[in-house]
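Peer 1: Numbering (the numbering used here), first residue to last: 1 to 756.
Beta carbons: idealized from backbone N, C-alpha and C, even for Gly.
What you are looking at is a predicted structure, and each value in this text was computed from that prediction instead of being measured.
Okay, structure coming up:
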């Protein structure tokens, strides 16, 4: 029996498609990555009995990035990113193992693919990401037999899904290429401008309070709209005016307020004159009566922009919040696809059938019945741009079936994350000082960098690729050449923006507080706490970046043996991790096997008392790439922490002294630990207070160990707050810098030692 693999864009969508096409008769299992389930059933396809597997991706499978060496900000001129820097496709989320899930597990040996990605250009691009992963491992087609099919749909309803299955087409390569072009353009342009202005301004000003001064062809015009509106509000000067109101009554006691034909005057004396003329009038004469009919224009069909506008004005919801709810309603089958520019229904669109879906609604069933009985008027004619039908309710629902909107977090967009704007009242964006200065600076140098016109022109060029009217390479090259020239002009004219920065922000030499001594001039360097936190030596005029999202303090006035810089201690919190670091080594790795951004807990110096070589205990039992390193500052609640992930191991609480020995365990090769316990709280038998052994294998130590996960932000972290206690063994691999270890006697001792 042949196999058909059907791939949707989201897990919830895959389940809905499987439920509809199998009529509820399907089995589900978890996929390899634990996120994407696989739903299986049998049926017919192309006139033959087949086994269907319905699964999904989680958005884009791949992302575009520069090859490794061009991601080094210090060694690469941003101008090179426009043409010289090669790019490559990488997994968008390596933790999901999406390529392995599709290629080695679910896609291997299948006969057909049916692609159920969202029907827009991004969805078309994801189609080919899925094809690239699966096609090499599919069964070989016979002759000209077609293997890959594309489903086109606009709503998750029985009718739409079944119609799509009966009218399968082909994925559109041109639309996918237009997305590739936009991704590469955004990557090259955004990174070039972002790297230049970030390094330029963060090296000069200490209170920018932004870890990244980013630029984006879409992001920056969005910021421009916010600042433009803010400028208009700030420049508005209210002017006093006067209005004349007259209330009259007839002999029956009926009264009304008259509107003044002049509406208002800005001269108080004139207003007072008219008031005096009418003040003592006791009778009025009606000279004429006229009636005027007002007709409200029929609304157009709903597109995305209008939906977001109404959500903001009527519901007080921000655009990110509104769009997230709309996408949730779409995947659950309550509305049609919410990303559309079209405001006109096709002539053959079944408005009555759509309305009948609401006839049993507890809220408006009577209104629906009346409309069906009296007849309905079609919406006002709009524009059909050829994407999706307007946003349409597909079935009735009760805030009980849908849940509460308040439980959905509001996502902050890029300009909020960069501290360019703040969000007020959940939906109103107010630009910060940094955001205002940036936009005014762009206007001063090149207003097209902040206006939407150039992006609009680029989008038109990309649309030609999507329509098959232009080729990918020349369109991309033309757009990049435009931005490359603008970049060089921006660099040459940066002094214009710098003048605005000088007025609003403090020079880095005047910011921060003295903390530790520079290894070159031996004067105190200042610690700048505002994002991004860093150290600055005003005498040498050097700035050193530091780890983020934690606290920094002086580390016992100890110095690095390599460069004489005083060490500082970074800490993520009372129950998290901490490690010392040398500001100079952190920015300029001293050894070949070290990379920028490493602390002493990753340093391979063979004799330094703070290094991995002397404090490393055993390979991490969770991430396998890290080493558990003893934290000598953690007493009396002693701990060791992985120098790669968020694993923290607590041990020997209330011990007087803990020291890592140069000897190793014969079983698991973990470093032997010497512990001196307080006499009053010693867990040792008798009156003993000192003991040496393996943290994981020694019977005395085994019950004194507790594994936790540090609650901290880190790209490699898997989660937070969990803990496991009890016995365990170390990995069979020693940290660098130790004596040559013996191989484990027991094979099981070399495997992961998980705490039971």
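Go ahead and label residue 266 buried or exposed: buried means 16 or more other beta carbons lie within 10 angstroms of its beta carbon, across all protein chains shown.
Peer 2: Exposed, because fewer than 16 other Cβ atoms sit within 10 Å of the Cβ of residue 266.
Peer 1: Is residue 2 helix, strand or coil by DSSP?
Peer 2: Residue state, collapsed to three classes: strand.
Peer 1: What is the rounded straight-line gap between the Cα of residue 12 and the Cα of residue 571?
Peer 2: If you take the alpha carbons of residue 12 and residue 571, they lie about 40 angstroms apart.
Peer 1: For residue 96, which of helix, strand or coil comes out of DSSP?
Peer 2: Helix, per DSSP.
Peer 1: Taking just the CA atoms, how far does residue 615 sit from residue 632?
Peer 2: Those two C-alpha atoms are separated by around 8 angstroms.
Peer 1: Whole angstroms are fine: how far does the CA of residue 490 sit from the CA of residue 108?
Peer 2: For residue 108 and residue 490, the distance between alpha carbons rounds to 51 angstroms.
Peer 1: Give the DSSP-derived three-state secondary structure of residue 289 in the structure shown.
Peer 2: In the structure shown, residue 289 sits in coil (DSSP, three-state: anything other than H, G, I, E or B).
Peer 1: Comparing alpha-carbon positions, which option in 526, 652 and 532 lies nearest residue 675?
Peer 2: Ranking the options by Cα distance to residue 675, first place goes to 652.
Peer 1: Can you tell me which residues form a DSSP beta bridge with residue 55?
Peer 2: 7, per the DSSP bridge assignment.
Peer 1: What residues in its chain sit with their C-beta under 7 angstroms from that of residue 64, if we drop five residues either side in the sequence?
Peer 2: Once the five neighbours on either side are set aside, the close Cβ partners of residue 64 are 87, 89, 183, 184 and 187.
Peer 1: Identify every run of the beta strand (DSSP E) within the region 520-549, keeping only runs that are complete inside it and at least 3 residues long; order them along the chain.
Peer 2: Complete beta strand (DSSP E) runs here, min 3: 524-528, 534-537 and 542-545.
Peer 1: Which residue comes first and which comes last in the alpha helix (DSSP H) that contains residue 440?
Peer 2: 433-445 is the extent of the alpha helix (DSSP H) around residue 440.
Peer 1: Quick check on residue 559: does DSSP put it in helix, strand or coil?
Peer 2: Reduced to three states, the DSSP call for residue 559 is strand.
Peer 1: Report the rounded CA-to-CA distance for residue 27 versus residue 218, giving the unit in angstroms.
Peer 2: Taking the straight line from one Cα to the other gives about 43 angstroms.
Peer 1: Quick check: what's the CA-CA separation for residue 91 versus residue 519?
Peer 2: Taking the straight line joining both Cα atoms gives about 41 angstroms.
Peer 1: Kindly list the residues whose CB is nearer than 6 angstroms to the CB of residue 483, restricted to its own chain and excluding five residues on each side of it in sequence; keep chain order.
Peer 2: Excluding positions up to five away in sequence, the list reads 189.
Peer 1: Starting from residue 91, follow the beta strand (DSSP E) in both directions and report where the run begins and ends.
Peer 2: Element bounds for residue 91: 87-91.
Peer 1: Which residues does DSSP list as the beta-bridge partners of residue 517?
Peer 2: DSSP output for residue 517 lists 524 as bridge partner(s).
Peer 1: Taking buried to mean at least 16 other C-beta atoms within 10 Å of its own C-beta, is residue 106 buried or exposed?
Peer 2: Counting Cβ neighbours within 10 Å, residue 106 comes out buried, since at least 16 surround it.
Peer 1: Quick one: what's residue 242 bridged to in DSSP?
Peer 2: DSSP, once it has assigned bridges, lists 265 as partnering residue 242.
Peer 1: Sorted by chain position, which residues of the same chain lie with C-beta nearer than 7 angstroms to residue 644's C-beta, five sequence neighbours on each side aside?
Peer 2: Excluding positions up to five away in sequence, the list reads 620, 623, 625, 626 and 716.
Peer 1: So for residue 248, helix, strand or coil by DSSP?
Peer 2: Strand.
Peer 1: When the Cα atoms are used, what is the spatial distance from residue 354 to residue 340?
Peer 2: Approximately 18 angstroms, taken between the alpha carbons.
Peer 1: Work out the CA separation of residue 191 and residue 133 for me, nearest whole Å.
Peer 2: Between residue 133 and residue 191, the C-alpha separation is close to 28 angstroms.
Peer 1: Please state the DSSP three-state secondary structure of residue 402.
Peer 2: Residue confidence is low: residue 402 scores 48 on pLDDT, short of 50, so the model does not pin down where it sits. No coordinate-derived value is stated.
Peer 1: Starting from residue 502, trace the alpha helix (DSSP H) in both directions and tell me its first and last residue.
Peer 2: Where residue 502 is concerned, the enclosing alpha helix (DSSP H) stretches over 494-504.
Peer 1: Put residue 719 into one of helix, strand or coil per three-state DSSP.
Peer 2: Here the model assigns residue 719 a pLDDT of 33, short of 50, so the residue's position is not dependable, and the following value carries that caveat. Coil.
Peer 1: What three-state label does DSSP hand residue 688 in the structure shown?
Peer 2: Three-state DSSP puts residue 688 in coil, outside helix and strand.
Peer 1: DSSP has residue 628 in a bridge; who is on the other side?
Peer 2: Note: residue 628 sits in a beta bridge opposite 618 and 642.
Peer 1: Whole angstroms is fine: what's the gap from residue 54's alpha carbon to residue 2's?
Peer 2: Near 14 angstroms, if we compare the C-alpha coordinates of residue 2 and residue 54.
Peer 1: Helix, strand or coil for residue 665? Go by DSSP, reduced to three states.
Peer 2: Residue 665 falls in the coil class under three-state DSSP.
Peer 1: Can the beta-carbon of residue 56 be found less than 8 angstroms from the beta-carbon of residue 14?
Peer 2: Yes, these two residues count as a Cβ contact at 8 angstroms.
Peer 1: Hey, out of 510, 383 and 582, whose CA is closest to residue 203's CA?
Peer 2: Comparing Cα-Cα distances from residue 203 to each of 510, 383 and 582, the minimum goes to 510.
Peer 1: Can you tell which of 37, 451 and 581 has the C-alpha that lies nearest to the C-alpha of residue 58?
Peer 2: Of the listed residues, the one whose Cα sits closest to residue 58 is 37.
Peer 1: Where residue 479 and residue 461 are concerned, what is the direct C-alpha to C-alpha distance, given to the nearest angstrom?
Peer 2: The alpha-carbon atoms of residue 479 and residue 461 are separated by roughly 9 angstroms.
Peer 1: Provide the residue span of the alpha helix (DSSP H) that contains residue 816, from first to last.
Peer 2: As displayed, the chain neither begins before 1 nor continues past 756, which places residue 816 out of reach and without an answer.
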